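A.B. asks: Pasting a structure here, questions to come.
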Amino acid sequence: MAGTPHRLMTRKREWVQPRQAQRRHLWNQLREEWKIQAVVEGALEVDDNVLPLLDGVSLELSIGNLRALRKKLQDLHVQASNCRTSTERMIRCPVCDVMSLNPYDLLQHLRTKTHMDKERQVLDLCDEKSAEMNQAPSNSK
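Using my numbering, the letters of the sequence shown correspond one by one to residues 1027 to 1167.
And the structure:
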């Protein structure tokens, strides 16, 4: 067993012919308005930086994901309303990523200001996207 790393490093390996990517030369396909510029205070200029910061990409919210999240939040409120039950089962809040041990703990979490703010934000986004979806067909007529 002591010689295993040495054997790994010194063993003969077969030559593998490099293969070209199927879709090479398809870089820079993102629109400029999709890019989020990486900005960090005190960062060096791009030319002076060994590892330059990469741009992010803004993603569109999916109405399906928002509706699923709204449904999960509704289910959480139903579970929390049964706070008299003593079942101890971990319940996760998908908005805050907080685990609650039982319905009473979940109820206490749902009443926190941070959760209510995040939940309001999700519900507002869901309503906004639904309104956009409802207006889209009427504009094309």
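The C-beta atom is built at its ideal place from N, Cα and C for all residues, glycine as well. Since this is a predicted model, take the numbers as computed values, not measurements.
Please report the residue range of the beta strand (DSSP E) in which S1172 lies.
C.D. replies: Past the boundaries of the shown model lies residue 1172; the chain is included only from 1027 to 1167, so the question cannot be answered.
A.B. asks: For the alpha helix (DSSP H) containing R1033, name the first residue and the last one.
C.D. replies: Segment T1030 to T1036, the alpha helix (DSSP H) holding R1033.
A.B. asks: Could you pull the DSSP bridge partners for V1083 from this structure?
C.D. replies: Answer is K1061.
A.B. asks: Below 7 angstroms between beta carbons: does that hold for V1121 and E1154?
C.D. replies: No, the pair does not count as a contact, with Cβ atoms beyond the cut-off.
A.B. asks: What is the residue span of the alpha helix (DSSP H) that R975 lies within?
C.D. replies: Beyond the ends of the chain as shown, which are 1027 and 1167, falls residue 975; an answer cannot be given.
A.B. asks: What residue does the alpha helix (DSSP H) around H1135 start on, and which one ends it?
C.D. replies: Where H1135 is concerned, the enclosing alpha helix (DSSP H) stretches over P1129 to L1136.
A.B. asks: Between which residues of its own chain and H1103 is the CB-CB distance below 8 angstroms, once the five residues before and five after are set aside?
C.D. replies: Once the five neighbours on either side are set aside, the close Cβ partners of H1103 are L1136.
A.B. asks: Determine which residues share a DSSP beta bridge with C1119 and list them.
C.D. replies: V1124.
A.B. asks: Taking only three categories from DSSP, how would you classify N1054?
C.D. replies: Reduced to three states, the DSSP call for N1054 is coil.
A.B. asks: Please state whether DSSP places L1151 in a helix, a strand or coil.
C.D. replies: Helix, per DSSP.
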